[in-house]
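Chemist: Numbering (our numbering), first residue to last: 16 to 263.
For each residue, glycine too, the CB sits at the ideal point set by N, CA and C.
Can you keep this structure in mind? I'll have questions shortly.
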């Protein structure tokens, strides 16, 4: 038993000691990290870096750095980031004097003024709410809320009081008050239509009608891409006419 405890303590110490970092070797800068799947320590060369002015930005994970020209996330350049005013908020989120960033990309039309992180995938400034790097164009930042807190963080339903969103997809309903969203699924219904993310399920891309009768009053979600109404089974390719799947 004592041996097992020592082994566990050694493994835990090894994991905690395997912290990523930046190293300078032979006038080159590398991002160094530990990977069990790759068999130990690995390092990646930073391109277009000025090693003389490079410095690590202090964070718990040691995954940000900068030189006189660029800011880096691990080995990649964060495009458009100002190294003189760049500030890390939490892992994945940062700001400079003008805008906000999500990992290596700028957040579209964001402002660093009043910028706040909501969770790992959502953020906001004074004018809009963002999913990763995309703005939702909400009608009210103050009214925005996540609907089901026990959904997976990367794929949640949300609302701003005027519209519903699944991730960054806005449901194109004209009947907000009667829209029903289905927890953990990408579908919603109002009094007349079924929606999949930001598409009304009536016509496909070529404008050929492939679901001509969906009864929203009896519509039910049975599982991933498996639905039913009083007429039978449905998936996002159309109505299942001859299938072993049973509508139960």
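Please report the straight-line C-alpha distance between residue 61 and residue 240, rounded to a whole angstrom.
Modeler: Looking at the backbone, the Cα of residue 61 and that of residue 240 are separated by about 43 Å.
Chemist: Return the bridge partner residues of residue 202 from the DSSP annotation.
Modeler: 211
Chemist: Consult DSSP for residue 232 and reduce its assignment to one of helix, strand or coil.
Modeler: coil
Chemist: Consider the Cβ of residue 198: report whether some Cβ of chain B lies at a distance smaller than 9 Å.
Modeler: Included in the structure is just one protein chain, with no chain B present.
Chemist: Starting from the C-beta of residue 128, find all residues in its chain whose C-beta is less than 8 Å away, skip the five residues before and the five after it, and write them out in chain order.
Modeler: 140, 141
Chemist: Looking at the structure shown, is residue 193 part of a helix, part of a strand, or coil, going by DSSP?
Modeler: DSSP places residue 193 in helix when its eight states are reduced to three.
Chemist: Does residue 98 pass the burial test, meaning 16 or more other C-beta atoms within 10 Å, or should it be called exposed?
Modeler: buried
Chemist: In whole angstroms, give me the CA-to-CA distance for residue 161 and residue 121.
Modeler: 23 Å
Chemist: How many angstroms separate the CA atom of residue 171 from the CA atom of residue 42?
Modeler: 46 Å
Chemist: Output needed for residue 86: all residues of its chain with C-beta closer than 6 Å, excluding positions within five of it in sequence on either side, in chain order.
Modeler: 93, 96, 98, 101
Chemist: Report the CB separation of residue 76 from residue 106 in whole angstroms; it is logged as a contact under 8 Å.
Modeler: 6 Å
Chemist: Put residue 238 into one of helix, strand or coil per three-state DSSP.
Modeler: Judged by DSSP in its simplified three-state form, residue 238 adopts strand.
Chemist: In chain order, what residues of the same chain have a beta carbon less than 7 Å from the beta carbon of residue 80, not counting five sequence neighbours either side?
Modeler: 37, 69, 70, 71, 72, 87
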